[in-house]
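For the record, in the sequence shown the residue sitting at position 72 is 72 according to full-length UniProt numbering, with numbers rising by one throughout. Report on the structure given below.
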Amino acid sequence: MIALFLAIGWFDLERRRLIEVGSGSGGNLLELLRLGFDPSNLRGVELLPERHAQARRLLPEAIALHLGDAMKLPVDTESHDAVLLSTVFSSILDDVFQQQLADTLWDWVKPGGGVLWYDFTLNNPRNPDVRGVPLHRVRELFPRGRMVSRRVTLAPPIARRVTRVHPSLYTFFNAIPLLRTHVLAWIEKPLH
C-alpha cells in the first residue's frame, strides 16, 4: 500500500483523511496507522457487530468507528482524500446496490483523492455468496475516475498448495501475473 501512496504523490499521510468501508476487525486501519496516518483522520464503518467490536478493542479511540450500513452514514460530500474498499464489492451480488454504494462513496471523495480498491476478479465456484468483480465492472462503477491497477494476489487455491510444499514458492508463483486473482486499484477523482 505504501508504494501506491508514494506513486500518487502522497508523502504527507498524516494530513490525509481516509474512511474504510467494510473495516472488519480493524487490520487495515491498524496498518494505515503504522504507515503514518493520524488516527483522528481515519474512520471505519462495519456492518457486522462482532467485527466492529473487535476493531474497537484493537484501535485507538481517536479513530472513529461506525457500526452499520455505509449508505446511511452521514458523511459530508468531498470530505475524504480516500475511501478504502477491501473485498467489499465481491460480497454485493446486486448490481443496482453496487452502483448505489459506489455513487455514495464517490461523493465522499475530494477532487484529487480517490477510491483505493482491493478485490478479486474471478468467481469462486465454491462460494455462491461472493462473485468476482472484473476491472471493466470497476470502471462501470466509477465511470468518472481515472484508474490505475495491478494484479497482486496469487489465486488462493494455488497459494495453499504451493506453500504446503515450501513457503518460498508463493513468491515464485505470484510473479506470474496470470495466476493472480486480486486487483489493487487507485481510482482518482479528477479535479473540478
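The C-beta atom is built at its ideal place from N, Cα and C for all residues, glycine as well.
message: Would you call the segment 44-58 in contact with the segment 91-98, where contact means no fewer than 3 C-beta pairs closer than 8 angstroms?
response: no
Alpha-carbon spacing of P143 relative to P111, whole angstroms: 14 angstroms
query: Could you check where the beta strand (DSSP E) with R151 kicks off and where it finishes?
result: 146-154
field: beta strand (DSSP E) segment containing G113, residue limits
entry: 109-120
The segment 83-90 / the segment 18-29 touching (three or more Cβ pairs under 8 angstroms): The segment 83-90 vs the segment 18-29: in contact.
Residue range of the beta strand (DSSP E) that includes T181: 180-188
- prompt: So what does DSSP say about R103, is it helix, strand or coil?
  reply: Arg is not the amino acid found at residue 103; the sequence shown has Asp there. The answer is helix: DSSP assigns D103 an H, G or I state.
message: At the 8 angstroms Cβ level, is A62 part of the contact set with chain C, yes or no?
response: Here chain C cannot be found, since the structure has a single protein chain.
Short Cβ contact (8 angstroms threshold) for A155 with T181: yes
field: Supposed contact pair K189 and G132 - C-beta distance, whole angstroms, cut 8 angstroms
entry: Between K189 and G132 the Cβ distance is about 25 angstroms, and since that is not below 8 angstroms, they are no contact.
task: Within its chain, find whatever has a CB closer than 6 angstroms to the CB of E61; leave out the 5 residues flanking it on each side and keep chain order.
output: Once the five neighbours on either side are set aside, E61 has no close Cβ partner at all.
message: Within a Cβ cutoff of 7 angstroms, which residues of the same chain sit near F37, ignoring the five residues on either side of it in sequence?
response: L13, E14, R16, L18
message: Check for me: the beta strand (DSSP E) holding I19 runs from which residue to which?
response: Here the beta strand (DSSP E) through I19 covers 18-21.
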